[in-house]
Amino acid sequence: MLHFKAIGKIMGALLFLIGVLMLPAAAISWIYQENSNPIMISAAISLFIGMIAFFSFSKYDQLVRKREGYLIVVLSWIFMTGFGMLPFILSEEVTSITDALFETVSGLTTTGASILTDIEVMPKGLLFWRSMTQWIGGLGIIVLTVAIFPLLGIGGIELFVAESPGPTSDKVHPRISETAKRLWYIYVGLTIAASLLFWAGGMTFYDAINHGLTTMATGGFSTKNASMAYYDSAFIQYTAIFFMFLAGTNFTLIYFGLIGKFKKVIRSDEFKAYSFALLALSLIIFLPIYTQSDISAEFAFRKAAFQVVSLVTTTGFVSDDYTQYGEGVVFVCFMLLFLGGSAGSTAGGIKFVRHVTFLKNSWLEFKRIVHPRAVVSLIINGERVTGRIINNIMNFLLIYLITFVIGSMIISLLGYDLATSLGSVATCLGNVGPAIGQVGPVDNFAFFSPAAKVVLSVMMLLGRLELFTILILFTPFFWRAN
Numbered sequence: 001m002l003h004f005k006a007i008g009k010i011m012g013a014l015l016f017l018i019g020v021l022m023l024p025a026a027a028i029s030w031i032y033q034e035n036s037n038p039i040m041i042s043a044a045i046s047l048f049i050g051m052i053a054f055f056s057f058s059k060y061d062q063l064v065r066k067r068e069g070y071l072i073v074v075l076s077w078i079f080m081t082g083f084g085m086l087p088f089i090l091s092e093e094v095t096s097i098t099d100a101l102f103e104t105v106s107g108l109t110t111t112g113a114s115i116l117t118d119i120e121v122m123p124k125g126l127l128f129w130r131s132m133t134q135w136i137g138g139l140g141i142i143v144l145t146v147a148i149f150p151l152l153g154i155g156g157i158e159l160f161v162a163e164s165p166g167p168t169s170d171k172v173h174p175r176i177s178e179t180a181k182r183l184w185y186i187y188v189g190l191t192i193a194a195s196l197l198f199w200a201g202g203m204t205f206y207d208a209i210n211h212g213l214t215t216m217a218t219g220g221f222s223t224k225n226a227s228m229a230y231y232d233s234a235f236i237q238y239t240a241i242f243f244m245f246l247a248g249t250n251f252t253l254i255y256f257g258l259i260g261k262f263k264k265v266i267r268s269d270e271f272k273a274y275s276f277a278l279l280a281l282s283l284i285i286f287l288p289i290y291t292q293s294d295i296s297a298e299f300a301f302r303k304a305a306f307q308v309v310s311l312v313t314t315t316g317f318v319s320d321d322y323t324q325y326g327e328g329v330v331f332v333c334f335m336l337l338f339l340g341g342s343a344g345s346t347a348g349g350i351k352f353v354r355h356v357t358f359l360k361n362s363w364l365e366f367k368r369i370v371h372p373r374a375v376v377s378l379i380i381n382g383e384r385v386t387g388r389i390i391n392n393i394m395n396f397l398l399i400y401l402i403t404f405v406i407g408s409m410i411i412s413l414l415g416y417d418l419a420t421s422l423g424s425v426a427t428c429l430g431n432v433g434p435a436i437g438q439v440g441p442v443d444n445f446a447f448f449s450p451a452a453k454v455v456l457s458v459m460m461l462l463g464r465l466e467l468f469t470i471l472i473l474f475t476p477f478f479w480r481a482n
């Protein structure tokens, strides 16, 4: 039997935390002499309901097991979306419920797809909250809460497992709360570093903070209509490339690198594949850009590297319109939507470790066919990968493909052309942002119907929680009593 009182207690703590995180956005509104009431009221509602829920169940000390963990993660994203919409709705800057839903889900899932047609006229406080939604969703609010839940007398191990269902098995510290704290220290530190460098590169302090938040979250929301193309600065764009690369790297590897354990970084098959792929793909895109443009080789490479890193890490920043360089470049950029960053990073997508495992296992299958009696083991990062993990990855890839096909079919049946249907579902499921068709790098999602926006919002949530976390709730055995 599910422990619903424990779930209610944790939901209360999460809503209280969302209310607290709205306060900086209200302060920004006050600093710029805007109407801060919509954000303040939203924060007050979240704080009030959160406190009522938490203290109503505070005396219950029920165990949070794996089943409760999955349900809490899904409910937390639903509640975060519902309360995160309030500033958009109360400010009346976004008048449609489905538009507010889409923008909030896109923020929290760090997708970066937007329905806003003129970002620069939006209130600065509201834009800051928009950036905060991505920063909150970047490493996962669940990881933040497992760091502070021990102070509330709540265990968080099952929550961390549900929020991070990928195949990686690296552990930074045996205690989950300490793991979450260390990851957040790195996350906060890199966010501050990125913001300061953006500021030093010529951004205003406000813009630098916003872009620092969304870069480390691999979210891609910008305060400018032209995104990163607005800043004609090699320093700013190379800074963005560097921090997008870090944000798409497994944070445990960043931690090991910081403490001098470089062998763990070098030994990582995923990191090597991730780094090599970014360089190789950048060179592939560089060639047509350089040959078709009257620009220097450095500028052409910067354009190529920026877009490749942005798409692969699912950040979604735009520095150029890649659709102008021919169908070949468009096709490559479309395929990048299916890569994703590293497991244990803030990036979305399928993740490189799954691709590496799939390719290595497929290669070994040829050897098994030739030598059927040989014991052939799959080795990743110097360790043997169990059959259960391989099956999990194969099932994930199949379900991901099926979800993509079904989502694309639904969007096309709603009246959109094939390129737009495929591109919109691929980019939403992969939590990327720009795609192909009518949702290219210089377009947005405002033209979609309310029904299509709801479907795409579901795709974003499925992608952010890596399918299984949500889909498992629709299985009958999940709800059966133990």
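If you're matching positions, the sequence shown starts at 1 in the UniProt record's numbering and goes up one per residue. A virtual CB, placed ideally from N, CA and C, is assigned to each residue, including glycine. The model shown is predicted, which means the values in this text are computed figures rather than measured ones.
- The beta carbon of residue 247 is closer than 8 Å to those of 138, 190, 215, 216, 217, 218, 313, 315, 341, 345, 346, 347 in its chain, skipping five residues each way along the sequence.
- Secondary structure of residue 136 (DSSP, three-state): helix.
- Counting only runs of 4 or more residues that sit fully inside the stretch 166–238, the alpha helix (DSSP H) segments are 176–200, 205–216, in chain order.
- Of the candidates 334, 126, 359, 335, 126 places its Cα closest to the Cα of residue 24.
- For the pair of segments examined, the stretch 445–453 was found to touch the stretch 402–415: the number of CB pairs separated by less than 8 Å reaches three.
- For residue 117 and residue 477, the gap between their C-alpha atoms comes out near 45 Å.
- When DSSP states are grouped into helix, strand and coil, residue 383 belongs to the strand group.
- Measuring C-alpha to C-alpha distances from residue 33 to each of 124, 99, 241 identifies 124 as the nearest.
- Ranked by how close their Cα comes to the Cα of residue 271, the residues 204, 212, 351, 91 have 351 in first place.
- Residue 17 sits in a helix when the DSSP states are folded into three classes.
- Taking 8 Å as the cut-off, the Cβ atoms of residue 267 and residue 444 do not count as close.
- DSSP places residue 281 inside the alpha helix (DSSP H), whose first and last residues are 269–292.
- Looking only at 87, 425, 59, the smallest Cα-Cα distance to residue 335 is reached by 425.
- Residue 119 has its alpha-carbon roughly 15 Å from the corresponding atom of residue 106.
- Buried is the label assigned to residue 237, since at least 16 other Cβ atoms lie within 10 Å of its Cβ.
- In the displayed model, residue 103 falls within a helix according to three-state DSSP.
- Beyond the five residues adjoining it in sequence on each side, residue 273 comes within less than 6 Å, by CB distance, of 352, 356 in the same chain, given in chain order.
- For residue 52, the enclosing alpha helix (DSSP H) begins and ends at 37–56.
- If you look at residue 70, you'll find it in the alpha helix (DSSP H) that goes 66–84.
- Three or more Cβ pairs closer than 8 Å define a contact, and the stretch 455–468 meets that threshold against the stretch 387–402.
- Under the three-state reduction of DSSP output, residue 374 falls in the coil class, being neither helix nor strand.
- Counting of Cβ neighbours within 10 angstroms places residue 398 among the exposed residues, the total staying below 16.
- Boundaries cannot be given for residue 91, as no alpha helix (DSSP H) includes it and DSSP labels it neither H nor E.
- CA-CA distance, residue 45 to residue 311, rounds to 36 Å.
- In its chain, beyond the 5 residues on either side, 441, 442 have a beta carbon closer than 6 Å to the beta carbon of residue 321.
- A straight line joining the alpha-carbon of residue 230 with that of residue 319 spans about 8 Å.
- For a cut-off of 8 Å, the C-beta gap from residue 288 to residue 325 is around 5 Å, short enough to register as a contact.
- Selection 37, 135, 133, 59 evaluated against residue 91 yields 37 as nearest (Cα-Cα).
- A contact between stretches requires three or more CB pairs, one per stretch, nearer than 8 Å, and the stretch 67–80 meets this requirement with the stretch 14–21.
- In this structure the stretch 204–212 does not lie against the stretch 96–111, because fewer than three pairs of beta carbons, one per stretch, are closer than 8 Å.
- If you check the CB distance, residue 240 and residue 299 do not come in under 8 Å.
- Between residue 436 and residue 419, the C-beta spacing is below 8 Å.
- Here residue 457 has 101, 102, 105 as same chain residues with Cβ atoms under 7 Å from its own Cβ, once five neighbours each way along the sequence are excluded.
- Judged by their CB atoms, residue 19 and residue 47 are nearer to each other than the 8 Å cut-off.
- For residue 361, same chain residues with a beta-carbon under 7 Å away, outside a window of 5 residues either side, are 378, 390 in chain order.
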